[in-house]
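In the numbering used here, the protein residues as written are 1 to 324.
Below is one structure, written out as structure tokens; the observations come after it.
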Amino acid sequence: MMAMPAAVLSLAFLVAALCAAVMGYAIQRGATCMVAAVDEVLTKRRADRILGLLEAAVWVAGGLLAWAALGGQAMLPIGYPATLATVAGGLLLGIGAFVTRACVFGAIAKFGSGDWVYILTPLGFFLGCATIWPVIGKFPEMHAASPLFDATWLLVPFALFAAWRLFEALRAARAGGLAAHVWSPHRATAVIGIVFAISLIAIGPWAYTYALLTLAQGRTGGVIAKFVLLFALFAGALVGGWTAGLLKRRAPTRAAAIRCLGGGMLMGWGSLLIPGGNDELLLVGIPLLQPYAWVAVVSMGAAIALGINIERRLAALADPERLG
1 MMAMPAAVLS
11 LAFLVAALCA
21 AVMGYAIQRG
31 ATCMVAAVDE
41 VLTKRRADRI
51 LGLLEAAVWV
61 AGGLLAWAAL
71 GGQAMLPIGY
81 PATLATVAGG
91 LLLGIGAFVT
101 RACVFGAIAK
111 FGSGDWVYIL
121 TPLGFFLGCA
131 TIWPVIGKFP
141 EMHAASPLFD
151 ATWLLVPFAL
161 FAAWRLFEAL
171 RAARAGGLAA
181 HVWSPHRATA
191 VIGIVFAISL
201 IAIGPWAYTY
211 ALLTLAQGRT
221 GGVIAKFVLL
231 FALFAGALVG
241 GWTAGLLKRR
251 APTRAAAIRC
261 LGGGMLMGWG
271 SLLIPGGNDE
281 LLLVGIPLLQ
291 PYAWVAVVSM
301 GAAIALGINI
311 ERRLAALADP
321 ERLG
């Protein structure tokens, strides 16, 4: 019988695994999908979901700043240059998410609701990485420290922001609606940022797309630990769907399977060009104020918006009554 690696049994890892499970639960409840966020802007002229995603990034950035101010250290990734490849990668991420009808976050939420076909999205992501990695061979490196830690003054507005959110939570608790408050879509997205920051401090940067990329590269070091976190993430999403009454088995169709697998592959290709999946970009690159992450996310959003607009125009041409 194979013994579990020591890293998997460490206290820090157990904390990270618990955070991954809570994160999966929150993803199922939260407003985390980039496709839904862009569609909300186009359809309702509202940006609640985008603001929720930005708030998650704020919690990560603030948590890291606070940890550094206390003298703590965290393993952080290097930055990458923002190039035309970054833009192309973001566009591929966006096209893949549009084809799938969900980004890598949204795929977890849909899986947690009983859309089992969305398990093909991470599989497609892995296949995309595995087919392109031999061509790319290595990532460009820019050993630059995050500019976040040169802006320690940001701790002041973050502390005020955190105090405001705490006051809101205490007021909801007094009114007896704390659970509804915390697990509302916007607040659940904030929970994602908080628990991800804790896990980032505990074991360093991780993301489920990074685990798939590592496997696609043929690197087996720490792969068990990464997939334990991946399992915890998806298990948390299932529990979230079950407790919310959303877990209903939906029979997969051939078209849905092709969309999820093909869209996942496109997202895998895009993540290698950037490099990084949109979970890494939103929860690591953007909080660390890395320019390449902002460029990639804007490119991704633009591609999703273009796809939605083209689809609607084609639907209107097919059904002239919609033009009226």
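Even glycine gets a Cβ: it sits at the ideal position worked out from N, Cα and C.
On a predicted model such as this, the values are computed, not experimentally measured, just so you know.
Contact check for residue 16 against residue 194 fails: the beta carbons are separated by 8 Å or more. Exposed is the label assigned to residue 309, since fewer than 16 other Cβ atoms lie within 10 Å of its Cβ. Residue 234 counts as buried, since at least 16 other C-beta atoms from the protein chains shown sit within 10 angstroms of its C-beta.
For the set 268, 249 and 243, the Cα lying nearest the Cα of residue 29 is the one of 243.
The three-state secondary structure of residue 79, taken from DSSP, is strand. When only Cα atoms are considered, residue 19 and residue 201 end up about 11 Å apart. Counting C-beta pairs with one atom in each stretch, the segment 268–277 and the segment 291–305 have three or more that are closer than 8 Å, which means they touch. Contact annotation: the segment 253–263 does not touch the segment 79–90, with fewer than three C-beta pairs closer than 8 Å. Within the model, the alpha-carbon separation for residue 154 versus residue 75 is close to 21 Å. Fewer than three Cβ pairs drawn from the segment 45–57 and the segment 112–129 lie within less than 8 Å of each other, which leaves the two stretches out of contact. Residue 254 and residue 40 have their C-alpha atoms some 28 Å from each other. Using a 10 angstroms sphere on the CB of residue 90, the tally of other CB atoms reaches 16 or more, which defines it as buried.
Between the C-alpha atoms of residue 271 and residue 73 there is a straight-line separation of about 27 Å. Rounded to whole angstroms, residue 147 and residue 315 show a C-alpha spacing of 45 Å. As summarised for the segment 12–84, the continuous alpha helix (DSSP H) elements at least 4 residues long and confined to that stretch are 34–44 and 48–69, given in chain order. In the assembly as shown, residue 287 is a buried residue. Its beta-carbon has 16 or more other beta-carbons within 10 Å. Counted as a single uninterrupted DSSP element, the alpha helix (DSSP H) harbouring residue 226 occupies residues 223–243. Separation of residue 184 and residue 14 (C-alpha to C-alpha, rounded to the nearest whole angstrom) is 27 Å. Assignment of residue 194 by DSSP, reduced to helix, strand and coil, places it in the helix class. Between residue 163 and residue 26, the CB-CB gap reaches or exceeds 8 Å.
Residue 171 and residue 161 have their C-alpha atoms spaced approximately 15 Å apart.
In the structure shown, residue 260 adopts helical secondary structure according to DSSP, grouped into three states. Note on residue 304: 16 or more other CB atoms within 10 angstroms of its CB, so buried under the neighbour-count rule. DSSP, read as helix, strand or coil, puts residue 86 in helix. Between the alpha carbons of residue 48 and residue 95 lies a gap of roughly 22 Å. Straight across, the Cα-Cα distance linking residue 313 with residue 302 is about 17 Å. A Cβ-Cβ separation of about 19 Å leaves residue 106 out of contact with residue 249 under the 8 Å criterion.
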